[in-house]
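Engineer: Just so we're on the same page, our numbering is the position in the sequence shown counted from 1, plus 445.
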Amino acid sequence: MPASGILRPVITSVPPDVHLNDCTSPDLGRPTGTDDCAGALTFTNDAPSPFLVGTTVVTWTARDLAGNQATATQTVTVVDTVAPTVSCLPAGPPGGTFQVVSTDHCAVPVIRLGTFVLQSGERIKINEVGQSGIRLVGYVGPDRIKHFHVGRGEAIIRSTDPSGNVASVNCLP
C-alpha cells in the first residue's frame, strides 16, 4: 500500500521485448514513468547476466522518493543459433599432442573425436595411420594423455552445444 495516501508511480512505457540468437547480456533499454510527487523515479530490474536459452520475464520496478513502487515486465527470448568455438592447439611434448578447447555462451558443449568424448582443456595425442577410423590405443605419460590412431583426414574435433549448433576443427594439417 502506498505511504500515507500518496499514489504509486506509474510506469508509462517498458522497452520492447528482446529476441537474441546467443546467450548475452544485451542493453534492455529503459522504461519511463510518472509520479505525483516531485523528483525522479528510480528504475531497477531483475535481469540475469547473461540470459540463457528460453524465455525470461524481466520485472522492472519504479520507485519514487517516498518509497512507493510500481512494476512492469519485459520479455527476453533466446534461441541459440551460434555455434560453439573449438580449437585444437599443439601442446607437446610428446609430438602429436594437442590441447582441445571449446566454449559456448549458452551451455557447456560436448566435444568429440569420432565417438570419443573429450573435455575442454584436455590434452590428447593423435597419430595419423593408414587404417581408417579412430581408435584409442592407450595413455601416454604420467598425465595419462589419451593416445589416438586416426585414419587420414579423420583428426576432426567436433563441438556440439545443447541447441545442436556444431563447430569443428582439424587437429592435423
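Even glycine gets a Cβ: it sits at the ideal position worked out from N, Cα and C.
Note that the coordinates shown come from a computational prediction; the quantities given were computed from them, not determined experimentally.
1) Report the option in Arg603, Cys616, Leu617 whose CA atom is closest to the CA atom of Ala528.
2) Compare the Cα-Cα distances from Pro495 to each of Thr560, Leu617, Lys570, Pro471 and report the closest residue.
3) Skipping 5 residues on each side, what residues in its chain have a beta carbon closer than 6 Å to that of Thr506?
4) Name the DSSP bridge partner or partners of Cys533?
5) Need the endpoints of the beta strand (DSSP E) that Phe496 sits in, please.
6) Tell me which residue opens and which closes the beta strand (DSSP E) that Arg597 is part of.
7) The beta strand (DSSP E) that contains Asn572, what's its start and end?
8) Do Asp481 and Leu452 come within 9 Å of each other at the CB atom, strictly closer than that value?
9) Which residues does DSSP pair with Gln519 in a beta bridge?
10) If I measure Cβ to Cβ from Thr518 and keep anything under 6 Å in the same chain, skipping five residues before and after, which residues do I get?
Structural biologist: So, from the data block:
1) Arg603
2) Pro471
3) Thr489, Gln514, Thr516
4) Its beta-bridge partners are Val545.
5) No beta strand (DSSP E) contains Phe496, which DSSP labels as neither H nor E.
6) Taken as a continuous stretch (DSSP letters only), Arg597 belongs to no beta strand (DSSP E), as it is neither H nor E.
7) 568-574
8) yes
9) Val503
10) Val502, Thr504
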